[in-house]
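Q: Have a look at the structure that comes next, please.
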Amino acid sequence: MSDPLGLIGSAGSLGSTGPVPGGIGAAGQKPAGNGPDFKAVLMGNLKEVNALQQDATQAAEDLITGKRDDIEGVIAATDKADTAFKMLQAMRNQVMQAYDEVKQMRV
Amino acid sequence: MLISDLSTSGAMPAAEMLLKFAGQRQKIIAHNIANIDTPGFQVKNADPKAFQEMLGDAIDRRREKNGGAFGALEWKETAEIHRVGGQGSMDFELRPSTSSGGILHHDRNDRDLERMMQEMVENATAYRVAADLLRSQRNQLQNAIAQRVI
Amino acid sequence: MYGTLDVSTSGMIAQRTRMEVIASNIANSGTIENAQGEYEPYLRRAAMFSPVSTNGVGMGVEVAEIQIQEGATRAEYRPEHPFADESGYLQVPDIDPTVEWVNGLQASRAYEANIVAAETTKNMMAQALRLLA
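Protein chains in written order, with our numbering: chain A, 869 to 975; chain B, -13 to 136; chain C, -5 to 127.
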């Protein structure tokens, strides 16, 4: 069974003083699967979204100050940044929801 | 800090400046068109290129100062653009300079209806671009605050 | 932005006034009697425009006066007319319908230009309002 969050593993039985699963990206937790860990994926996406936002801002400012005159480019850049941000937002909402569900699990 | 940064993030301050500029310039262009048959009338113009240069400088200074596209825009007055209100105010009024040159007609009026119409259309387009940019950035900000995905 | 609409409206009013003056000129191009039946040839009228400013800001145009052009008559040889002078000449209004017609075209074109300006301003105001919606 894959374990992207790295929660299942060395926790041992309840009440043990072993390492407590710390959730996403906890120090020392290695994922059981063989893909990139969630933290790296998340941070990578954050950087991408940020870069797209910067691009869009730069494009809009260039259009306003007359350094470029193609409005289509600005529209495309703004659209990409918008969509990427909304995707990140949706991802974040899903993660929060998942965390809430897990929190409410009676063990 | 957080709240004031909200209203000056990204390209919003630049879009606001362009919106105000185009709005005031529209009056000047309408004045020129209304006086197209007035003898001896001098066509007035507020140079958009000078405004764009001034804005470009202010944007570059903002990036240098804050290391990114946020923070207040500090713009400098020019011959045609005068600050209204205290130091650091974002409001301005346009004082157009009279343009020289152009054909002198028999009634000593130097206007060109076609060029005036072109200027008006370009001005209206710039206004629309600024308004749309402002609206999309503001909507995005609101969605982020409300944590909505629309 | 409302001041901008005032400017275009003032342009429209001025041009329409000018059209009325031109229409009056054309209609009266043969008038040599006044309302009481006395001999008074119609003198050509002309609308004089002047720009309007408030506090140094241009606010459109107005008709400063409707000038009655003195001496805008020409002599026509009509010896049989009761009002003719000793040599048989009559002063009739010096109105060239072609000139008036071209002026009318120009006024009409300027009127349309002001309408387009007002429409553009109206669209800009609508754009700004969409910011709130």
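Even for Gly, the Cβ is constructed at its ideal location relative to N, Cα and C.
Predicted, not measured: the structure shown is a model, and the values here were computed from it.
Excluding five sequence neighbours on each side, which residues of the same chain lie with their C-beta closer than 6 Å to the C-beta of I109 of chain C?
A: As a working note, residue 109 of chain C is residue 115 in the third sequence. Result list for I109 of chain C: empty, nothing under 6 Å.
Q: By the three-class DSSP mapping on this structure, what secondary structure does D77 of chain B have?
A: Taking the first residue of the second sequence as position 1, residue 77 of chain B is located at position 91. Three-state result, D77 of chain B: strand.
Q: Please return the same chain residues whose Cβ sits closer than 8 Å to the Cβ of D(-9) of chain B, not counting the five positions on each side in sequence.
A: Working through the second sequence from its first residue, we reach residue -9 of chain B at position 5. Hits under 8 Å: F56 and G57.
Q: E50 of chain B to V909 of chain A, Cα distance in whole Å?
A: Walking along the second sequence from the start, residue 50 of chain B turns up at place 64. Walking along the first sequence from the start, residue 909 of chain A turns up at place 41. Whole-angstrom Cα-Cα distance: 31 Å.
Q: Counting along the chain, where does the alpha helix (DSSP H) carrying H17 of chain B start and finish?
A: Along the second sequence, read from residue 1 onward, the residue named residue 17 of chain B stands at position 31. Its alpha helix (DSSP H) spans residues M(-2) to A20.
Q: What is the residue span of the beta strand (DSSP E) that S47 of chain C lies within?
A: The sequence position of residue 47 of chain C within the third sequence is 53, counting from 1. Here the beta strand (DSSP E) through S47 of chain C covers R39 to T48.
Q: Between C:Q63, C:T11, C:E32 and C:T92, which has its C-alpha nearest A78 of chain C's C-alpha?
A: The residue labelled residue 78 of chain C in the question sits at position 84 within the third sequence. Nearest option by C-alpha distance: C:E32.
Q: What did DSSP end up calling T114 of chain C once you bin it into helix, strand or coil?
A: For the purposes of this step, residue 114 of chain C is taken as residue 120 along the third sequence, with counting starting at 1. Reduced to three states, the DSSP call for T114 of chain C is helix.
Q: Starting from P34 of chain B, trace the alpha helix (DSSP H) in both directions and tell me its first and last residue.
A: Looking up residue 34 of chain B in the second sequence gives position 48. P34 to N52 is the span of the alpha helix (DSSP H), which, as asked, contains P34 of chain B.
Q: Going by DSSP, what residue range makes up the alpha helix (DSSP H) through R72 of chain C?
A: Position 78 of the third sequence holds residue 72 of chain C. Unbroken run through R72 of chain C: none, as it is neither H nor E.
Q: Hey, could you find the ends of the alpha helix (DSSP H) Y83 of chain C is sitting in?
A: Working through the third sequence from its first residue, we reach residue 83 of chain C at position 89. Element bounds for Y83 of chain C: not the alpha helix (DSSP H) but the beta strand (DSSP E), Y83 to P87.
Q: Out of B:R134, B:L5, B:M3 and B:P34, which one is the CA nearest neighbour of M955 of chain A?
A: Working through the first sequence from its first residue, we reach residue 955 of chain A at position 87. Nearest option by C-alpha distance: B:R134.
Q: Does any C-beta atom of chain B lie closer than 8 Å to the C-beta of F906 of chain A?
A: Residue 906 of chain A sits at position 38 when you count from the first residue of the first sequence. No, F906 of chain A does not count as interfacial toward chain B.
Q: Under 8 Å: do the segment 64 to 79 of chain B and the segment 38 to 48 of chain C share three or more Cβ pairs, one atom per stretch?
A: No, they do not touch.
Q: Within a Cβ cutoff of 7 Å, which residues of the same chain sit near N109 of chain B, ignoring the five residues on either side of it in sequence?
A: In the second sequence, the residue the question calls residue 109 of chain B occupies position 123. These residues qualify, in order along the chain: A8, R11, Q12 and I15.
Q: Taking the alpha carbon of E60 of chain B as the point to measure from, which residue in B:M3, B:R124 and B:A44 has its own alpha carbon closest?
A: Walking along the second sequence from the start, residue 60 of chain B turns up at place 74. Checked all of B:M3, B:R124 and B:A44; the closest Cα to E60 of chain B is B:A44.
Q: Run down chain B in chain order and give the residues with a C-beta less than 8 Å from the C-beta of D950 of chain A.
A: Here residue 950 of chain A refers to the residue found at position 82 of the first sequence. Within chain B, the residues near D950 of chain A are S122 and Q126.
Q: Mind the definition here: the segment 22 to 31 of chain B touches the segment 118 to 133 of chain B only if three or more C-beta pairs lie below 8 Å; say whether that holds.
A: The segment 22 to 31 of chain B vs the segment 118 to 133 of chain B: no contact.
Q: Going by C-alpha distance, which of B:D23, B:A1 and B:L5 is nearest S4 of chain C?
A: Residue 4 of chain C sits at position 10 when you count from the first residue of the third sequence. Taking only the C-alpha atoms, the option nearest S4 of chain C is B:D23.
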